[in-house]
Amino acid sequence: MTTLTAGASRGSVQDAVQNAMRDSLPLTFAPMRANDVDEVARIEVDAYPFPWTRGNFFDSLASGYLAWVARDADARIAGYFLLMPAVDDMHLLNITVRPDLQGRGIGRRLLDEIGALTREAGIDAVLLEVRPSNAQALAVYRHVGFIQIGLRKNYYPAAGQAREDAIVMRLMLSDVPLAPPGHSPGARQS
Ligand SMILES: CC(C)(COP(=O)(O)OP(=O)(O)OC[C@H]1O[C@@H](n2cnc3c(N)ncnc32)[C@H](O)[C@@H]1OP(=O)(O)O)[C@@H](O)C(=O)NCCC(=O)NCCS
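To convert, count from 1 in the sequence shown and add 7; that's the numbering used here.
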């Protein structure tokens, strides 16, 4: 399994302990199904001021995008992501961790899985848009190695009738080292 760890090596004892603690939160990855959408949409509403609608998720599934959920030990959805493959890059349309589980390494494991799926598709770059106001997501993306490559003006709806720009970021997987031995984001069901 690959990891989206950019920068310094993660071979230290501290990193090994951190990985072990994270992997103790069992996660099972499975493709998102239509009957997951209600649960996903409830998380979405809790996670975003401008959430995707159920229809957005159904449309994405109908379009054949790569959509995955990660379930916790109680089989509740802990996080999910949706990917749109293009010729040169994998477009990350949505990545969300259930709010009560954020900041515990699950986003990292979703990103690891995204990296693995992108490589399996023969694609070397992950592309995403993020709101400049979403400081936490921006910090996570920069931390794992995404860099800003553009700005889309007035891309997102915002409070009132306002619009917000989108920062366009890209991660080149060829710049990302392989996972340390024994690191695994979670079991994957087909
Ligand atoms: C953005 C989101 C997916 C991240 O998931 P998460 O589970 O909270 O993130 P993690 O705890 O796995 O952190 C991922 C990495 O970022 C690092 N990180 C987290 N916060 C950080 C910060 N403020 N500054 C720098 N690094 C940070 C973590 O240490 C971790 O790196 P490591 O594995 O090297 O330790 C999640 O917070 C979320 O769902 N947010 C709401 C929805 C959203 O905004 N989605 C993105 C839309 S573009």
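All residues carry an ideal CB built from backbone N, CA and C; glycine is no exception.
Expected contact under 8 Å - CB spacing of residue i and residue j to nearest Å
i	j	result
L34	A85	6 Å
V137	L145	6 Å
M91	A132	Rounded, the Cβ-Cβ distance is 13 Å, inconsistent with contact.
F65	A41	7 Å
I154	T103	No, I154 and T103 are not in contact; Cβ-Cβ is about 22 Å, not under 8 Å.
A166	P106	20 Å between Cβ atoms; not a contact.
D96	L134	4 Å
M39	V47	7 Å
Closest by C-alpha distance to residue i, when choosing among the options
i	options	result
R61	D45, S70, A54 and P106	D45
Q32	I156, A82, G122 and R159	The amino acid occupying residue 32 in the given sequence is Leu; Gln does not appear at that position. The option with the nearest alpha carbon to L32 is A82.
P139	A123, V52, R126 and D172	D172
P58	Q196, Q168, P164 and L68	P164
G114	A128, V94, Y148 and A123	Y148
G122	S67, A69, F88 and G71	F88
S70	L100, D95 and A54	L100
A174	D107, R159, T125 and R105	Per the sequence shown, the amino acid found at residue 174 is Ile instead of Ala. Ranking D107, R159, T125 and R105 by Cα distance to I174 puts R159 first.
V94	Y55, I156, A128 and Q155	A128
R111	Q168, D182, D79 and L134	D79
D182	Q168, A169 and R126	R126
I130	N141, I156, H98 and Q143	H98
N141	P56, I156, V47 and G157	P56
A77	L68, N63, S67 and L108	L108
Those runs of the beta strand (DSSP E) which lie wholly inside the segment 110-177 and span at least 3 residues: 132-137 and 154-164
Could you tell me which uninterrupted alpha helix (DSSP H) segments, each at least 4 residues in length, are contained entirely in the segment 48-115, listed from first to last along the chain? 61-69
Would you call the segment 115-130 in contact with the segment 165-183, where contact means no fewer than 3 C-beta pairs closer than 8 Å? yes
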